[in-house]
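Visitor:
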Amino acid sequence: MLIYTRSASAATYTVAQDGSGDFTTIQAGVDTAYAGDSLYIRKGSYTEEVSISNSGTSSNPIIIKAYPGEEVNIRGDLPDPDFDNPHQPTRGSIPSSEWSSLVTISGNWIVFDGFIVSNSSGDGIATTGDHITLRDNKSQYNWRSGIRMISGSGVIIQNNEVYYSSRVSERLVGTCCWSSAISISRGGVKDVIVRRNVVHEHWGIGINAYEANQDGEGEILFEDNIVWNVSHSHYYMGNCYNATYQRNISYNTPDSIFYYQKEVGGSRRFGDSFNYTDEVVDSTNLKAKNAKVINNLFWRGNTGFYFYNQTSEAESGLNDLTFANNTIIDPLSYAFIIYAGAHSDSLIANNIIVSNHPITGSGVGDPGITFSHNLWTVAPPSDVRSENPNDDIIGDPHISRTGSITGGELAAEWFKLTSSSPAIDRGIPLPEVFDDYFRSIRDTNPDIGAHEYSGTQPSTTPLPTNTPKPTVTNTPTTTPPQCTRSNGDANGDGRAALYDYAVWANYFAPFVRNYGGPTVGDFNCDNYVDLTDYASWAYYFTPI
1 MLIYTRSASA ATYTVAQDGS GDFTTIQAGV DTAYAGDSLY IRKGSYTEEV
51 SISNSGTSSN PIIIKAYPGE EVNIRGDLPD PDFDNPHQPT RGSIPSSEWS
101 SLVTISGNWI VFDGFIVSNS SGDGIATTGD HITLRDNKSQ YNWRSGIRMI
151 SGSGVIIQNN EVYYSSRVSE RLVGTCCWSS AISISRGGVK DVIVRRNVVH
201 EHWGIGINAY EANQDGEGEI LFEDNIVWNV SHSHYYMGNC YNATYQRNIS
251 YNTPDSIFYY QKEVGGSRRF GDSFNYTDEV VDSTNLKAKN AKVINNLFWR
301 GNTGFYFYNQ TSEAESGLND LTFANNTIID PLSYAFIIYA GAHSDSLIAN
351 NIIVSNHPIT GSGVGDPGIT FSHNLWTVAP PSDVRSENPN DDIIGDPHIS
401 RTGSITGGEL AAEWFKLTSS SPAIDRGIPL PEVFDDYFRS IRDTNPDIGA
451 HEYSGTQPST TPLPTNTPKP TVTNTPTTTP PQCTRSNGDA NGDGRAALYD
501 YAVWANYFAP FVRNYGGPTV GDFNCDNYVD LTDYASWAYY FTPI
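See below:
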């Protein structure tokens with residue numbers, strides 16, 4: 001359990017249904033908690049809506065946490081699923097509107113930690129404040145989204161599980177499934193980290209970024225998430241600017257019942273691995289731009305990568321996209337579907353594509369999209385080949401495919417290259433991709449796909465990777481950074497940005513000395529990674 005710096009007046013409160021604590025309802029407790037306070041909830045099932053509107057500060061957040069080792073379920077009145085006979089349930093009244101949430105966090109500097117949020121007749125958890133951390137929660141059986149960020153910035157959504165939500169679409173035919181397990185959308189949303197979450201057996205979209213960073217500033221980082229058996233897109237990016245997707249896994253198991261069917265007796269459509277789209281936009285909305293999709297593992301999506309365009313406005317299309325070093329295995333239709341648009345400055349390179357149907361769509365062959373150094377099991381059309389066709393590989397990539405493929409058990413090692421793979425040493429060096437899915441450093445002749453077969457592990461705990469770093473060259477180094485980062489710039493790219501916050505958060509452990517370990521994140525060089533270092537980063541922070 002993290003220990004934060006406290007003010008002298010900070011208090012610790014307890015909620016217990018049996019009357020042994022300070023309060024018997026969660027709402028009474030959160031109404032009393034202010035900056036620096038901690039509120040612990042004892043075990044039990046709490047049927048109540050919770051609205052958290054008080055705010056903490058950067059040095060004294062409000063911590064709302066399930067009591068360690070005890071199960072706390074905040075629940076609405078939607079009935080539990082009938083797993084033997086999936087069907088859309090009758091919506092309840094907690095909350096009263098399906099567009100409301102069981103837990104709403106509108107305050108700033110809040111940590112919400114360790115809860116089960118379930119059976120909501122609307123969303124599970126929704127946030128509208130700034131600097132909120134949602135971690136180690138489980139959101140399940142909800143009518144609509146499991147976790148939804150409606151507005152705000154500086155939010156971390158980490159180590160959560162969303163299961164069997166979007167029940168508004170449960171087993172429906174002809175009505176689709178737009179509610180997301182985790183949604184980052186609209187309202188000026190920016191500077192968000194979505195990390196190490198698991199989404200599974202969900203009746204809608206998996207992880208969704210829609211109309212985020214509308215002002216062209218800020219960053220969105222999705223990394224190390226796992227999505228499996230989802231009926232619509234597993235990862236969806238629409239009208240979103242400056243998003244990085246890295247080291248994520250997506251798959252549908254052969255026995256999945258989570259699919260969309262347009263009509264009775266019609267074909268079943270399982271979720272796509274990755275959707276990138278420009279939906280209908282107006283003067284207030286950005287088009288999708290500047291996405292990095294790197295080192296991801298995709299298996300049995302309906303498609304591996306699907307771009308579609310709902311608007312004819314200028315600049316709508318694939319713009320400044322880098323789709324690189326991903327491994328796409330056995331998509332159920334096509335590996336790529338790309339429709340026409342105002343495509344520009346986009347690169348699809350170093351990917352492994354195991355599919356008998358490599359690519360289709362009216363945008364295939366657009367000069368704004370460059371294909372380079374990909375491995376295809378079946379030769380694609382000539383207009384999506386490398387400039388030098390010998391730079392492509394047509395053949396079997398010799399993927400490991402060892403281990404369980406049961407839902408929840410498929411491991412990243414299943415996607416690894418074997419020693420006989422023709423993908424080894426055949427990629428093109430890219431500054432955006434200096435390591436692989438397993439955080440091994442890529443050499444000067446990188447491998448195609450998400451796994452660098454001969455990659456070397458850094459000598460210290462590896463850095464989180466992120467958007468392109470101008471100082472990165474094609475000659476990697478494992479030398480630990482020196483402690484000269486007083487301006488909040490952890491990666492040495494000349495600015496303090498969201499990436500540097502991610503570094504700080506990755507190592508943040510107040511009052512624990514590094515003892516010669518990694519110095520990144522320790523901006524004042526005192527051998528601690530603590531809130532003083534956060535303050536250094538925040539002082540210099542400038543979004544893109």
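My numbering applies: residue 1 is where the sequence shown begins, and numbers increase by one.
Backbone N, C-alpha and C fix where the C-beta goes; we use that ideal spot for every residue, glycine too.
1. How far does the beta strand (DSSP E) with Val520 in it extend, from its first residue to its last?
2. For the pair the segment 290-309 and the segment 333-348, tell me if three or more CB-CB distances fall below 8 Å.
3. Can you tell me where the alpha helix (DSSP H) with Asp130 in it begins and where it stops?
4. Take the Cβ of Tyr501 as the centre, count every other Cβ of all protein chains shown within 10 Å, and call the residue buried at 16 or more, exposed below.
5. Threshold first: 3 residues or longer. Then list the beta strand (DSSP E) segments lying entirely within the segment 236-320, N to C.
6. Return the first residue and the last residue of the beta strand (DSSP E) that Val227 is part of.
7. On the premise that Asn252 lies in contact with Ala450, defined as a C-beta separation below 8 Å, what is that separation, rounded to the nearest angstrom?
8. Got a sec? Which residues, its chain only, sit under 6 Å from Gly29 by beta carbon, not counting five neighbours each side?
9. Which runs of the beta strand (DSSP E) at least 3 residues long sit entirely within the segment 129-163? Give them in chain order.
10. Can you pull the DSSP bridge partners for Arg186?
11. Let me confirm a value: Trp99 is counted as buried when at least 16 other C-beta atoms fall within 10 Å, else exposed. Which label applies?
12. Could you pull out every residue in the same chain whose Cβ sits closer than 6 Å to the Cβ of Phe274, ignoring the five residues on either side in sequence?
13. Are the C-beta atoms of Val503 and some chain B residue less than 8 Å apart?
14. My assumption, with CB atoms under 8 Å, is that Gln158 sits in contact with Arg186. Please give the rounded CB distance.
15. Determine the burial state of Thr396: buried for a count of at least 16 other Cβ atoms within 10 Å of its Cβ, exposed for fewer.
16. Could you name the residues that DSSP lists as bridge partners for Asp123?
17. Who pairs with Lys65 in a beta bridge, going by DSSP?
18. Taking the alpha carbon of Ala10 as the point to measure from, which residue in Trp376, Tyr34, Gln17 and Asn225 has its own alpha carbon closest?
19. What does Phe541 pair with, by DSSP beta-bridge criteria?
20. CB Val194 to CB Ile205, shorter than 8 Å?
21. Buried or exposed: where does Ser96 fall if 16 or more other Cβ atoms within 10 Å of its Cβ makes it buried?
22. Which residues in the same chain as Gly107 place their Cβ atom closer than 6 Å to its Cβ, once the five residues preceding and following it in sequence are excluded?
23. Measure the C-alpha to C-alpha separation of Gly124 and Val117 and round it to an integer number of angstroms.
24. I think Ser362 touches Ala340, with their Cβ atoms under 8 Å apart; what is that distance to the nearest whole Å?
25. Counting C-beta neighbours from all protein chains within 10 Å, is the total for Ser169 16 or more, i.e. buried, or is it exposed?
26. Reducing DSSP to helix, strand and coil, say where Gly206 ends up.
27. Do you know offhand how far Gly521's Cα is from Ala496's?
28. In terms of alpha-carbon separation, which member of Cys525, Tyr499 and Tyr534 lies closest to Glu219?
29. Taking the alpha carbon of Ile62 as the reference point, which residue from Ile41, Trp109, Ile348 and Glu217 has its own alpha carbon closest?
30. Give me the Cα-Cα distance between Lys287 and Gln214, rounded to the nearest whole angstrom.
31. Can you have a look at Ser20 and say buried or exposed, based on whether 16 or more other CB atoms are within 10 angstroms of its CB?
32. Between Gly488 and Gly154, what straight-line distance do the alpha-carbon atoms span, to the nearest angstrom?
33. Between which residues of its own chain and Asn242 is the CB-CB distance below 6 Å, once the five residues before and five after are set aside?
34. Suppose you measure from the CA of Phe415 to the CA of Ser233; what does that come to, to the nearest Å?
35. Do you know offhand how far His131's Cα is from Met149's?
36. Can you give me the start and stop residues for the alpha helix (DSSP H) that Val529 sits inside?
Guide: This is what the structure gives:
1. Taken as a continuous stretch (DSSP letters only), Val520 belongs to no beta strand (DSSP E), as it is neither H nor E.
2. Yes: the two stretches touch, three or more of their Cβ pairs being nearer than 8 Å.
3. Counting along the chain, Asp130 falls outside any alpha helix (DSSP H), and DSSP gives it neither H nor E.
4. Burial call: buried.
5. Runs of the beta strand (DSSP E) inside the segment 236-320: 241-246, 249-251, 274-278, 289-294, 297-299 and 305-309.
6. Per DSSP, the unbroken beta strand (DSSP E) holding Val227 starts and ends at Ile226 to Val230.
7. In fact, because the Cβ distance is near 18 Å, the residues do not count as touching under 8 Å.
8. Around Gly29: Tyr13, Val15, Phe23 and Leu39.
9. Counting whole runs of 3 or more residues, the segment 129-163 contains the beta strand (DSSP E) stretches 132-135, 138-140, 147-149, 153-158 and 161-163.
10. DSSP lists no partner for Arg186.
11. It is exposed - the Cβ of Trp99 has fewer than 16 other Cβ atoms within 10 Å.
12. In chain order, Tyr235 and Phe305 place their CB closer than 6 Å to the CB of Phe274, counting only its own chain and leaving out the 5 sequence neighbours on each side.
13. No chain B is part of this structure, which consists of one protein chain only.
14. Your pair Gln158 and Arg186 does not check out as a contact, with CB atoms roughly 22 Å apart and the cut at 8 Å.
15. Before going on, a small fix: residue 396 reads as Asp here, not Thr. Taking a 10 Å sphere around the C-beta of Asp396, we find fewer than 16 other C-beta atoms and assign the residue as exposed.
16. Partner(s): Ser101.
17. When DSSP reads this structure, Lys65 sits in a beta bridge with Tyr40 and Asp113.
18. Of Trp376, Tyr34, Gln17 and Asn225, the smallest CA-CA separation from Ala10 is found for Tyr34.
19. Bridge partners of Phe541: Ala496.
20. No, the pair does not count as a contact, with Cβ atoms beyond the cut-off.
21. Exposed.
22. Only Ile52, Ser53, Asn54, Ser55 and Gly129 meet the Cβ criterion.
23. Looking at the backbone, the Cα of Gly124 and that of Val117 are separated by about 6 Å.
24. The Cβ separation is near 4 Å, so the contact holds.
25. Under this definition Ser169 is a buried residue.
26. In the structure shown, Gly206 sits in a strand (DSSP, three-state: E or B).
27. About 11 Å.
28. Relative to Glu219, the option among Cys525, Tyr499 and Tyr534 whose CA is nearest is Tyr499.
29. The candidate whose alpha carbon is nearest that of Ile62 is Trp109.
30. Lys287 and Gln214: Cα-Cα distance of roughly 9 Å.
31. Here Ser20 is exposed. Its C-beta has fewer than 16 other C-beta atoms within 10 Å.
32. Their backbone Cα atoms lie some 16 Å apart in a straight line.
33. Excluding sequence positions up to five before and after Asn242, its CB lies within less than 6 Å of the CB of Asn213, Glu219, Asn290 and Ile544, all in the same chain and listed in chain order.
34. Taken atom to atom, the span from the alpha-carbon of Phe415 to that of Ser233 is near 21 Å.
35. Here the alpha carbon of His131 sits roughly 12 Å from the alpha carbon of Met149.
36. Where Val529 is concerned, there is no enclosing alpha helix (DSSP H), given that its DSSP letter is neither H nor E.
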